[in-house]
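S.K.: Structure in structure tokens, see below.
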Amino acid sequence: MQRLKYVLSEVLVGLWRNVTMTVAMIITLAVSLAMLGASGLMYLQVNSMKDFYYDQIEVAIFLNNDVTDQQRSDLDNALKSDPLVAEVIYESKEQAHEKFKTMYADAPDLVNAVKPGQLPESFRVRLKNPEQFQQINDKYKNNEGVETIVDQQRLLDKIFNILGSVQNMALLAASIMAIAALLLVGNTIQVAAYSKRREVAVMKLVGASNWFIQAPFVLEAVVAGLIGSIIAFVGLFLGKLFLLDGSLRDLTELLTPLSWADVLLMFPLMAGVGALVSAVTAWVTLRFYLRV
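Under numbering that gives the first Met the number 0, residues 0 to 291 are what the sequence shown spells out, in order.
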């Protein structure tokens, strides 16, 4: 019990002794962990969006203007009996025009420029497996009456590739900040150990074990990592509350909702990474650099 009290008191003294470096270390850890948490949330968000939007994907089979009733009927029957197809919806020229007017109601000049009958009729096909578009394309692209086949997944893939690039950039920035944080942790521990070099020498002379000598320094780093993770989590919490659910709510209509459960999931991740990495960095600094 006395040893535990000694270790804890030394942790508090050590954090306060180099308060400026401790604050810098905590802030740097908080920023890097916040970026790590944001990257994790973005990863979950992109996966959620993929599951949602890929499930809604349609293949649009546009028909020629001179398509005959027989060609249209044959294609309809072929699609409905196709084992790859989950649902088939026919869209006439009139329906396409009404849908166009609804979609672009905020652009009346564009709506007025497109006359009824100018938009082609089509079949909207939802596949059981969106990845099987190429098979559908190969099967029906040469059918009589078919003008072109468009797969929404190609557009979505481009969007998700952009989101993936943003995610990788955020993760790269978090990694750079993490390296800076680790250097600060190592430097802070080095300074702390140097300031207590006489005490350490005396403790070694009286037979104190290495873990007992190293424990206060390692715990200093762990405490700093935990405090940094708490600050980072508060940042994510406020970002979700005031940005995603607040001022930016109208700009995120295309995004699937980010749940509070996902945000809460980031805290143990950030706390674990912050504490573990800080502890390992401190231990390595003591073990291999200071030879404590």
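Idealized CB from N, CA, C, for every residue including glycine. Bear in mind that the values here come from a model prediction, so they are computed numbers and not experimental data.
1. Which same chain residues end up closer than 6 Å to VAL221 when comparing Cβ atoms and leaving out the 5 residues on each side of it in sequence?
2. For SER121 and ILE25, I'd like the C-alpha separation in whole angstroms.
3. For GLU86, which of helix, strand or coil comes out of DSSP?
4. Over what stretch of residues does the beta strand (DSSP E) that includes SER72 continue unbroken?
5. DSSP three-state call for GLU93: helix, strand or coil?
6. Distance check for ILE56 and ILE148, CA to CA, integer angstroms please.
7. Which residues in the same chain as TYR5 place their Cβ atom closer than 6 Å to its Cβ, once the five residues preceding and following it in sequence are excluded?
8. If you draw a straight line from the C-alpha of PRO129 to the C-alpha of VAL58, how long is it?
9. Please report how far the alpha carbon of ASN160 lies from the alpha carbon of ARG123, in whole angstroms.
10. Please go through the same chain and pick out, in chain order, the residues whose beta-carbon is closer than 8 Å to the beta-carbon of PHE61, but skip the five residues on each side of it.
11. Between the Cα of LEU40 and the Cα atoms of LEU264, VAL283, SER164, THR280, which residue gives the shortest distance?
12. In chain order, what residues of the same chain lie with their CB nearer than 7 Å to the CB of GLN166, ignoring the 5 residues before and after it?
13. With a threshold of 7 Å (Cβ to nearest heavy atom), would THR284 be considered close to the ligand PLP?
14. Using 10 angstroms around the beta-carbon of MET168, count the other beta-carbons present and answer buried if the total reaches 16, otherwise exposed.
15. Closest to SER80 by C-alpha separation, out of GLN117, TRP282, MET48, LYS127, would be which residue?
16. If you compare alpha carbons, which of ASP50, LYS98, LEU225, ASP261 is closest to LEU32?
17. Checking the sheet assignment: what are the DSSP bridge partners for ARG123?
18. State the start and end residues of the unbroken beta strand (DSSP E) segment that holds THR280.
19. Which of the three DSSP states, helix, strand or coil, is assigned to ASP65?
20. At what residue ranges does the segment 111 to 182 contain a whole run of the alpha helix (DSSP H), taking only runs of 4 or more?
21. Out of ARG125, GLY116, LYS100, ASP75, which has the shortest C-alpha to C-alpha gap to GLU294?
22. Can you tell me the Cα-Cα spacing of ILE331 and LEU28, whole angstroms?
23. Using the three-state DSSP reduction, which class does ALA294 fall into: helix, strand or coil?
M.R.: Put simply:
1. ALA274, SER277, ALA278
2. 59 Å
3. strand
4. That residue, SER72, is in no beta strand (DSSP E); its alpha helix (DSSP H) goes 68 to 79.
5. helix
6. 13 Å
7. In this prediction, TYR5 has a pLDDT of 48, which is less than 50 and means its spatial position is unreliable; what the coordinates show is noted afterwards. There are no such residues.
8. 9 Å
9. 25 Å
10. PRO119, GLU120, SER121, VAL145, GLU146, THR147, ILE148, VAL149
11. LEU264
12. SER38, MET41, TYR42, VAL45
13. Looking at this structure, you won't find the ligand PLP or any other ligand, since it has none at all.
14. exposed
15. LYS127
16. LEU225
17. ALA59, ILE88
18. Careful: THR280 lies outside any beta strand (DSSP E), inside the alpha helix (DSSP H) at 259 to 283.
19. coil
20. 132 to 139
21. For the chain, the structure presents residues 0 to 291; residue 294 sits outside this window and is missing.
22. Coverage of the chain is limited to positions 0 through 291, which leaves residue 331 absent and any answer about it impossible.
23. Nothing about residue 294 can be read from this structure; the chain reaches only from 0 to 291.
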